[in-house]
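Trainee: My questions will all concern the structure given below.
Protein chains: 2
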Amino acid sequence: MDAKLKPRVVPVIMSGGAGTRLWPLSTEAAPKQFHALASKLSMIQETALRVLPNESVSFLPPIVICAEAHGELAATQLHASGVEPWAVVLEPYARNTAAVAAVAARLSQELNPQALTLLLPADHVISDSAAFSGAVAAASAAAVERIVTFGVTPASPETGYGYIRLGPEMDDAVFEVSAFTEKPARDTAAEYVASGEYLWNSGIFLFTPAVMLREIHAFRPDVHRHALAALDSGGRDGLFIRLDPQEFAACPADSIDFAVMEQTQAAAVSPFDGGWADLGSWSELWRLGAASEADNVVKGEVVLVDSSGCLVFAEDRPVAAMELRDLIVVSSKAGVIVLPRHRAQDVKTMVEQLKARSALASPEGC
Amino acid sequence: MDAKLKPRVVPVIMSGGAGTRLWPLSTEAAPKQFHALASKLSMIQETALRVLPNESVSFLPPIVICAEAHGELAATQLHASGVEPWAVVLEPYARNTAAVAAVAARLSQELNPQALTLLLPADHVISDSAAFSGAVAAASAAAVERIVTFGVTPASPETGYGYIRLGPEMDDAVFEVSAFTEKPARDTAAEYVASGEYLWNSGIFLFTPAVMLREIHAFRPDVHRHALAALDSGGRDGLFIRLDPQEFAACPADSIDFAVMEQTQAAAVSPFDGGWADLGSWSELWRLGAASEADNVVKGEVVLVDSSGCLVFAEDRPVAAMELRDLIVVSSKAGVIVLPRHRAQDVKTMVEQLKARSALASPEGC
């Protein structure tokens with residue numbers, strides 16, 4: 039491809055997640071995007087390396103948006119993987135992705151007013167980086183007027199993902215959006231996959247800052263006003279951009295999907311096949327590893343004997359396990375979890391029980 | 039009981055074990071006797087508290103014999119539980135219990151030539167301390183001429199213990215030894231228990247130093263010579279008594295059972311019921327707890343849901359587990375183990391595999 043034809047894109051990495059579904063690895067102090075889950079690098083490192091300039095896209099230095107508590111960690115990890123972000127935006131509070139999109143669009147304009155913005159989560163797995171950049175390049179023409187979301191050809195009837203129903207093809211490899219759907223039940227998911235009309239909603243967006251800001255202003259003027267005011271009243275301190283706490287506190291928390299994508303006439307979807315996964319539970323990590331290797335998926339210093347269908351993950355200490363069937367065993371600095379794969383969605387509940395237990399225990403001291 | 043009739047006894051606590059069957063809690067750096075397994079105190083602390091002066095026995099301050107590497111740990115733990123030992127003997131090498139018995143007898147003579155010596159392992163559970171002291175007092179008359187070992191009425195056909203076949207009663211509550219047996223197979227153990235003629239061999243001994251030294255000299259003059267020479271050529275440094283490394287290295291390693299008890303005419307056995315257990319595996323710890331409480335045995339910061347027959351042990355960080363059957367889950371600073379209760383004896387093998395794995399991995403760095 040001629041270098042002159044490559045799109046210029048500002049990647050904005052959203053690192054706001056603080057989920058507990060991957061406890062004990064993912065914790066409030068270091069959520070999953072800061073851990074090496076699917077490879078030897080952390081997920082945010084993999085994400086940053088995925089948006090280096092390449093033969094399909096002229097990526098500019100990335101902008102990272104994360105919780106205040108994670109700013110140093112994000113900067114350190116990116117630096118360690120050889121990526122120097124243009125800025126790390128520190129959120130004083132979590133205000134969901136609509137506010138992030140507004141901040142991202144405005145900063146992207148500042149960095150390069152002619153570039154597109156690629157808004158992408160820090161905690162997704164994409165095994166084929168070249169395919170991903172190819173999809174971004176292919177969607178770039180449509181993204182001048184539209185907010186393009188990337189839809190993943192479903193490999194299985196996942197119930198943990200939202201789906202997008204394809205509308206008419208509007209351009210080479212870009213389609214109208216017929217509908218966004220919530221996470222479906224198993225049967226519905228199976229129908230979606232069989233129909234060939236649905237894609238997984240990846241939560242990755244390509245757009246021009248002007249269009250994004252226009253649409254946010256149209257549907258959520260309150261988000262537009264407070265998010266941009268938080269940026270304007272904030273300040274830059276070297277690498278770090280601080281948002282004004284009062285303005286950002288006043289900003290409603292809403293997702294960009296709900297606030298804009300499900301309302302706007304400017305949505306479009308670009309199908310993409312690149313080994314995408316949103317690792318929302320330990321069983322998904324097992325599935326990702328098991329598909330390509332063996333029945334057991336092990337990571338770290340692990341001895342696993344006479345076992346099948348297991349995920350055994352040792353972060354900092356050795357784990358020895360024997361004669362287990364379809365179990366998840368994860369050991370990290372924060373704790374240990376052991377449960378059947380089919381109960382992986384219950385990790386969150388168990389972490390809440392642990393917290394309640396600690397809260398009860400702490401007044402007594404130790 | 040009249041105080042003047044109470045036997046004077048020097049307790050010698052053998053803390054030489056370095057077993058890996060209770061990995062990851064028991065490690066070379068801190069074997070099981072230094073951990074809180076059956077109670078909130080470590081096993082060596084429980085052992086030291088068991089031999090405080092009481093209404094049955096005038097116990098003198100204890101002597102501890104342990105590996106050089108564990109001397110400070112032993113002294114610190116005893117001090118923390120309010121027990122000040124008379125001495126802590128540091129073994130430059132492990133030389134099994136015959137050498138320990140010789141050193142124990144000679145030091146006991148030095149501390150009080152008129153007292154009996156009680157040689158007892160640091161890593162046994164005895165739930166009824168009063169019964170134990172009562173058994174020591176009851177055996178003290180016979181122990182003037184005999185080496186009395188304590189035999190435990192078997193509660194189940196354990197295959198992990200040695201057994202003693204009772205001979206004729208020779209004195210109130212003391213019997214001749216008809217035979218010492220090795221660890222039996224399951225069927226044999228069941229026959230032993232059914233017969234009523236067998237006791238578990240506790241490995242606890244009561245004797246006068248003179249008789250013990252005479253018998254060791256008679257059956258193992260080499261052990262006698264080198265063990266005592268190691269003591270004579272060693273030196274005392276405050277609380278710590280150091281054995282001469284060259285002499286102790288030259289001392290043959292043999293157990294007191296094999297070297298003396300199975301040979302001597304001076305053996306006797308005193309039956310004892312006091313909730314004794316030698317926690318040789320995680321399944322034994324489960325049994326000990328499950329008998330008195332529930333089907334699951336948990337210790338530490340544990341959330342256990344929809345599970346049965348499990349032992350879950352959290353030393354230093356929380357463990358969450360769900361929908362498990364008859365599993366052992368132990369988490370410590372050293373690592374994590376997960377395996378079925380019926381495979382508890384395989385822990386040792388798994389630890390060897392982990393070590394081999396680490397040894398292979400270490401040349402590569404990091």
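Heads up: the protein sequence lines correspond to chains A and B, in order. To convert a position in the first sequence, counted from 1, into the working numbering, add 38. To convert a position in the second sequence, counted from 1, into the working numbering, add 38. Note that the Cβ used here is the ideal one computed from N, Cα and C, for glycine as well.
1. Looking at the unbroken beta strand (DSSP E) that takes in MET81(B), where does it start and where does it end?
2. According to DSSP, is HIS73(A) helix, strand or coil?
3. Please check if any C-beta of chain B sits within less than 7 Å of the C-beta of GLN83(A).
4. Can you confirm whether GLU361(B), when its beta carbon is compared against all beta carbons of chain A, has any partner nearer than 7 Å?
5. ALA358(B) and ARG258(B) look like a contact to me (Cβ under 8 Å); what is the Cβ gap, rounded to whole Å?
6. If you compare alpha carbons, which of ARG59(B), VAL47(B), SER53(B), VAL48(B) is closest to VAL368(B)?
7. Quick check on HIS380(A): buried or exposed, where buried means 16 or more other Cβ atoms within 10 Å of its Cβ?
8. Suppose contacts are defined by Cβ-Cβ distances below 7 Å. Is PHE310(A) in contact with PHE188(A) by that definition?
9. Quick check: the Cα distance between SER240(A) and VAL307(A), rounded to an integer number of angstroms?
10. Would you mind telling me which residues of chain B sit closer than 7 Å to ASP384(A), beta carbon to beta carbon, in chain order?
11. With PRO283(A) as the anchor, note down where its alpha helix (DSSP H) starts and where it stops.
12. Using only CA atoms, which one of LEU326(A), VAL48(A), LEU281(A), PRO290(A) lies nearest to GLU148(A)?
13. Taking the alpha carbon of PRO356(B) as the reference point, which residue from LYS371(B), ASP344(B), ARG363(B) has its own alpha carbon closest?
14. Cβ of VAL367(A) less than 7 Å from any chain B Cβ?
15. Who are the Cβ neighbours of PRO378(B) in its own chain at under 8 Å, not counting the five residues just before and after it?
16. Ordered along the chain, which non-local residues of its own chain (more than five positions away) have a Cβ less than 7 Å from that of SER53(A)?
17. Should PRO45(B) be labelled buried (16 or more other beta-carbon atoms within 10 Å of its own) or exposed?
18. For VAL389(B) and VAL385(A), what's the separation of their Cα atoms in angstroms?
19. Which whole runs of the beta strand (DSSP E) in the region 246-279 of chain B are 3 residues long or more, in chain order?
20. By the 10 Å Cβ neighbour count, where 16 or more other Cβ atoms means buried, how is CYS404(A) classified, buried or exposed?
21. For chain B, is any of its Cβ atoms less than 7 Å away from the one on VAL335(A)?
22. Is DSSP giving TRP320(A) helix, strand or coil here?
23. When the Cα atoms are used, what is the spatial distance from ILE242(A) to ASP354(A)?
24. Return no unless some Cβ of chain A is closer than 7 Å to the Cβ of GLN391(B).
25. Quick one: which chain A residues come within Cβ less than 9 Å of ALA372(B)?
26. With 16 other CB atoms within 10 Å as the buried threshold, where does GLN115(B) fall?
27. Buried or exposed: GLU220(A), going by 16 or more other Cβ atoms within 10 Å of its Cβ?
28. Does ARG381(B) come within less than 7 Å of chain A when only Cβ atoms are used?
29. How is the alpha helix (DSSP H) around ARG144(B) delimited, first residue to last?
30. Considering only the beta carbon of each residue, do THR155(B) and ALA176(B) sit closer than 7 Å?
31. TRP314(A): which of ASP225(A), MET208(A), LEU237(A), ARG395(A) sits nearest, CA to CA?
32. Considering only the alpha carbon of each residue, which of GLN383(B), ARG88(B), ILE185(B), LEU317(B) lies closest to ALA168(B)?
33. State yes or no: is the beta carbon of PRO378(A) nearer than 7 Å to at least one beta carbon in chain B?
34. Given that ARG395(B) touches chain A, what residues does it touch there, using C-beta distances under 9 Å?
35. Around the Cβ of PRO206(B), are there at least 16 other Cβ atoms within 10 angstroms (buried) or fewer (exposed)?
36. Does ILE375(B) get closer than 7 Å to chain A when you measure Cβ to Cβ?
Mentor: Quick look at the numbers:
1. DSSP places MET81(B) outside any beta strand (DSSP E); the residue lies instead in the alpha helix (DSSP H), whose first and last residues are 81-88.
2. coil
3. no
4. yes
5. Wrong, their Cβ atoms sit about 52 Å apart, outside the cutoff.
6. ARG59(B)
7. HIS380(A) is exposed by the Cβ-count criterion.
8. yes
9. One C-alpha to the other measures close to 10 Å.
10. The answer, in chain order, is MET360.
11. 283-288
12. VAL48(A)
13. Measuring from the Cα of PRO356(B), the nearest candidate turns out to be LYS371(B).
14. Answer yes: the Cβ-Cβ gap between VAL367(A) and chain B drops below 7 Å somewhere.
15. Take PRO378(B), set aside five residues on each side of it, and the residues of its chain with a beta-carbon closer than 8 Å to its own are ASP364, LEU365, ILE366, in chain order.
16. GLN71, ILE82, VAL102, ILE103, CYS104, HIS108, ALA112, ALA160
17. buried
18. 28 Å
19. 273-275
20. Only weak support exists for where CYS404(A) lies, its pLDDT of 32 falling under 50; the value from the coordinates is given anyway. Around the beta carbon of CYS404(A), a 10 Å sphere encloses fewer than 16 other beta carbons of the protein chains shown; the residue is thus reported as exposed.
21. no
22. DSSP places TRP320(A) in helix when its eight states are reduced to three.
23. 32 Å
24. yes
25. In chain order: ARG355, PRO356.
26. buried
27. exposed
28. Between ARG381(B) and chain A, the shortest Cβ-Cβ separation is below 7 Å.
29. 134-149
30. no
31. LEU237(A)
32. It is ARG88(B).
33. yes
34. GLU339, VAL340, VAL341, PRO356
35. exposed
36. yes
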